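Taking it in order: structure first as C-alpha cells, then the write-up.
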C-alpha cells in the first residue's frame, strides 16, 4: 500500500515539475533620442519548417506600424488578424519583462518533440528595428537560451521547460 502511495506521489510530482512554464526574460533598453516612441515587440515560436506555431506576446500601439515588425508581419501579422487581436497588448516602457509560455501552440495543443526557433522582434516608430532568434529542441528540460542585446532589444534569456 505504501509503495502504491509513493508511486502516485512521485507521478504527481513529476507532472507538476513538467507543468512549469518556460520563461522568457527580455529587456527594452533606454534609448536616448529626442523623439522616443515605445517599441512594438513580438515574441513567437516557429517549427523546423519555419511555420509559426505560437505567438507568445505582441506589444503594439497602432496597427499602422505593425508592418515594421517585418518577419512577424510576413509570418503571422498580415494573415492572422484574429490571433493578433487576441494576443496584443500595450507597448511597454524601457525595463525588464518576463513572459511565460506553457509549451503549447496557438490551438492549445502541446508541441511535439522536435526543433523549434524562438523569435523576438522589436521596431520603433521613427527608430530602429531588431530581430533575434535562437533554435532549441523539445523536450528541453530546463535549457537556457541567451541572446545578446541588439539595437532596440536588450538581452533576451529564455529557460525552456
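Residue numbers (the numbering used here): 1264 to 1424. By construction, the Cβ of each residue, glycine as well, lies at the ideal position given by its N, Cα and C atoms. What you are looking at is a predicted structure, and each value in this text was computed from that prediction instead of being measured.
_Other residues of its chain near residue 1390: CB distance less than 6 Å, five sequence neighbours each side excluded_ = Here the set comprises nothing.
*Report the option in 1424, 1297, 1305 whose CA atom is closest to the CA atom of residue 1259.*
Examination of residue 1259 is not possible in this model, given that the chain is present from 1264 through 1424 alone.
_Ignoring anything shorter than 4 residues, give me the alpha helix (DSSP H) runs that lie fully in the stretch 1292-1351, in order along the chain._
Within the stretch 1292-1351, the complete alpha helix (DSSP H) runs of at least 4 residues fall at 1344-1350.
*If you draw a straight line from the C-alpha of residue 1412 to the C-alpha of residue 1372, how long is it?*
Each residue's Cα considered, the two are about 32 Å apart.
*Can the beta-carbon of residue 1397 be found closer than 8 Å to that of residue 1380?*
A contact, by the Cβ cut-off of 8 Å.
*Could you spell out where the beta strand (DSSP E) holding residue 1406 opens and where it closes?*
Per DSSP, the unbroken beta strand (DSSP E) holding residue 1406 starts and ends at 1406-1410.
*Taking the C-alpha atoms as reference points, what is the distance between residue 1313 and residue 1321?*
Distance between the alpha carbons of residue 1313 and residue 1321: 19 Å.
*Does the pairing of the stretch 1320-1338 with the stretch 1300-1307 give three or more beta-carbon distances under 8 Å?*
Cβ pair count under 8 Å is three or more, so yes.
*heavy atom of the ligand PLP below 7 Å from residue 1416 C-beta*: The ligand PLP is not part of this structure, which contains no ligands at all.
*Whose C-alpha, out of 1417, 1407, 1386, 1420, is nearest the C-alpha of residue 1331?*
Of all alpha-carbon atoms in 1417, 1407, 1386, 1420, the one lying nearest the alpha-carbon of residue 1331 is that of 1386.
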